[in-house]
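Trainee: Quick one: this structure, given as structure tokens, is what I'll be asking you about.
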Amino acid sequence: MPAWLLAVGVSYLAYERERDAVVSATVQTARSMTQGVERELATSIAVLQALGTSSRIDDNDLRRFQERAVQTLRFSGGDNILLVDTELRVLVSAITPFGEPLPPLRHDRFPQVMATGQPAVSDFFVGQVSKRGQVAVAVPVMRGGKAVGRLEMLFSPSRFAQILERQGLPEGWTAAVIDHQGVIVARNRNAEQFVGKPTAGMVLDQLRQRAEGSFQGRTQDGIDVMGCFSRSGTYGWAVVIGVPETSSTASCGAR
Numbered sequence: 007m008p009a010w011l012l013a014v015g016v017s018y019l020a021y022e023r024e025r026d027a028v029v030s031a032t033v034q035t036a037r038s039m040t041q042g043v044e045r046e047l048a049t050s051i052a053v054l055q056a057l058g059t060s061s062r063i064d065d066n067d068l069r070r071f072q073e074r075a076v077q078t079l080r081f082s083g084g085d086n087i088l089l090v091d092t093e094l095r096v097l098v099s100a101i102t103p104f105g106e107p108l109p110p111l112r113h114d115r116f117p118q119v120m121a122t123g124q125p126a127v128s129d130f131f132v133g134q135v136s137k138r139g140q141v142a143v144a145v146p147v148m149r150g151g152k153a154v155g156r157l158e159m160l161f162s163p164s165r166f167a168q169i170l171e172r173q174g175l176p177e178g179w180t181a182a183v184i185d186h187q188g189v190i191v192a193r194n195r196n197a198e199q200f201v202g203k204p205t206a207g208m209v210l211d212q213l214r215q216r217a218e219g220s221f222q223g224r225t226q227d228g229i230d231v232m233g234c235f236s237r238s239g240t241y242g243w244a245v246v247i248g249v250p251e252t253s254s255t256a257s258c259g260a261r
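Last residue of the sequence shown: 261 (our numbering), numbering continuous.
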């Protein structure tokens with residue numbers, strides 16, 4: 007074998023090893039960020055479950071219950087907490103002065119909560135009152151083994167954007183949190199343009215096929231990338247990281 011051909015082969019193998027290392031590390035980063043998303047959702051659910059045991063609900067002392075909800079909201083980092091009855095009437099809103107009329111929910115985001123008695127996580131939606139993008143978690147208020155209402159906590163997508171920012175990804179890398187339906191909940195670049203919109207079809211196909219992996223594609227703002235992702239087995243949400251192909255190890259095809 008000619009020496010030059012051997013040198014090319016050695017260089018290519020070294021390149022492949024380096025690229026595989028980048029893929030592995032980036033998938034691991036996506037996994038870590040997905041775990042951060044899971045913690046945020048699980049913590050919010052646990053907070054609501056604790057609030058749902060309040061005796062103020064049993065006593066129908068909604069004024070005192072609202073005071074407790076306001077206190078809970080302050081340390082939880084949410085945007086609002088709602089107490090909703092079985093007919094979708096909002097009994098308490100933590101951000102509305104007690105006694106002011108509260109419009110009923112026009113759309114039931116969580117029909118399964120009352121039916122199953124289990125907590126649930128919404129996908130991205132536009133708030134009925136705020137008219138802004140939001141995400142919510144809900145838990146049933148259980149009494150005697152029966153759901154008599156539910157609690158919801160609403161929060162802004164910025165809560166998940168903070169998870170992306172804390173990771174400190176290299177300049178030019180793109181990261182996004184994708185909900186169960188494939189809608190972008192948070193994005194570290196051009197968020198105002200893409201949050202609330204469906205992710206690319208190719209990305210959604212990857213997320214539906216497997217829990218983790220990598221692929222070659224293009225971001226919605228036209229950047230060719232090696233994409234690495236990790237999807238939550240609990241909530242169905244995912245984090246996708248796009249490494250620009252201009253990076254020296256991002257252009258040899260998915261593994």
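All residues carry an ideal CB built from backbone N, CA and C; glycine is no exception. If you're wondering where the values come from, they're calculated on a predicted model, not measured in any experiment.
Between arginine 156 and the rest of its own chain, which residues show a CB-CB distance below 7 Å, the 5 nearest in sequence each way excluded?
Mentor: So the list reads Val90, Phe116, Val119, Met120, Ala144, Val145, Pro146 and Val147, once near-sequence residues are dropped.
Trainee: Please work out which residues of its chain come closer than 6 Å, Cβ to Cβ, to methionine 208, disregarding the five sequence neighbours upstream and downstream, and give them in chain order.
Mentor: These residues qualify, in order along the chain: Gly223.
Trainee: Does the Cβ-Cβ distance between isoleucine 87 and alanine 75 come in under 8 Å?
Mentor: Taking 8 Å as the Cβ cut-off, isoleucine 87 and alanine 75 qualify as a contacting pair.
Trainee: Below 8 Å on the Cβ atoms is my guess for leucine 213 versus arginine 193; work out the distance and round it to an integer in Å.
Mentor: Incorrect: roughly 15 Å between the Cβ atoms, too far for contact.
Trainee: If I'm right that glycine 233 touches valine 246 with Cβ under 8 Å, what's the distance once you round it to whole angstroms?
Mentor: About 6 Å; that satisfies the 8 Å criterion.
Trainee: Check for me: the beta strand (DSSP E) holding glutamine 222 runs from which residue to which?
Mentor: Taken as a continuous stretch (DSSP letters only), the beta strand (DSSP E) holding glutamine 222 covers 218–224.
Trainee: Would you report the Cα separation of arginine 37 and aspartate 114, rounded to the nearest angstrom?
Mentor: Their Cα atoms are separated by approximately 31 Å.
Trainee: From Val98, Glu44, Leu54 and Thr49, pick the residue whose C-alpha is nearest to that of aspartate 67; which is it?
Mentor: Out of Val98, Glu44, Leu54 and Thr49, Val98 has the C-alpha closest to the C-alpha of aspartate 67.
Trainee: Please classify aspartate 114: does DSSP put it in a helix, a strand, or coil?
Mentor: It is coil, neither helix nor strand.
Trainee: Could you have a look at phenylalanine 131 and say whether DSSP puts it in helix, strand or coil?
Mentor: Of the three classes helix, strand and coil, the one that applies to phenylalanine 131 here is strand, per DSSP.
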